[in-house]
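S.K.: The sequence shown maps to residues -30 to -1, 1 to 133 in mature numbering (1 follows the signal peptide of the UniProt record, and there is no 0).
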Amino acid sequence: MTLGNGHRVWVLAVLPIVVSAAVRVPAAHADNSRLNNSVVANIYTIQHQAGCTNDVKVNPRLRLAAQWHTLDVLNNPDLDGDIGSDGSTPQSRAQAAGFQGAVAETVAINPALAITGIEILHQWYYDPASFAIMSDCANTDIGVWSESSINRTVVVAVYGQPS
């Protein structure tokens, strides 16, 4: 097939634009910070509905403990709660991350590529133990982490009471 002069000109005019766009598009990386921040905002709301007057704040050490457990649960499908594959607990992970004080944890698992804030709250809000943790005014610090694989999404929130 041969191209007429009009088609050649069009191809030559469009080709640099297409190549330029393809070169400038950055690689997509999963960034769950918006989801993680929305979990923190929802915990803040739940605490204030429970009568708390403090502002829950993100603690990088608790976030690190949440990240460790999120990755552990994501990569070990037999895990579905607070105990890690190495026998670690929320308290031991928080201490290993450098947090001093009492901690509690909530874990949400969705057997799919993604999870929404509604699905997270549905799992935690209607579970009495998780709701008690979320609405406890003494939990003034929080760390949230989420990760996804093709068949599983895990969200872990670690709540802290600094000593």
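No residue lacks a Cβ here, since even glycine has one placed at the ideal position from N, Cα and C. Predicted model, so just to flag it, every value in this text is computed and none were measured.
My output table needs one value for N80: the three-state DSSP class, helix, strand or coil.
M.R.: Strand.
S.K.: If you count every other CB in all the chains shown that lies within 10 Å of the CB of S118, and 16 or more means buried, which is it?
M.R.: Flag for S118 reads buried.
S.K.: Alpha carbon to alpha carbon, how far is D56 from T23? Give it in angstroms, no decimals.
M.R.: Computed Cα separation, rounded: 37 Å.
S.K.: Check the C-beta distance from I112 over to A127 and give it rounded, since I have them as a contact under 8 Å.
M.R.: Rounded, the Cβ-Cβ distance is 6 Å, consistent with contact.
S.K.: What's the gap between the Cα of T40 and the Cα of S116?
M.R.: Using only the alpha carbons, I get a separation of about 6 Å.
S.K.: Taking its Cβ as the centre, do 16 or more other Cβ atoms sit within 10 Å of N121, making it buried, or is it exposed?
M.R.: N121 comes out exposed.
S.K.: Return helix, strand or coil for V26, following the three-state DSSP convention.
M.R.: Three-state DSSP puts V26 in coil, outside helix and strand.
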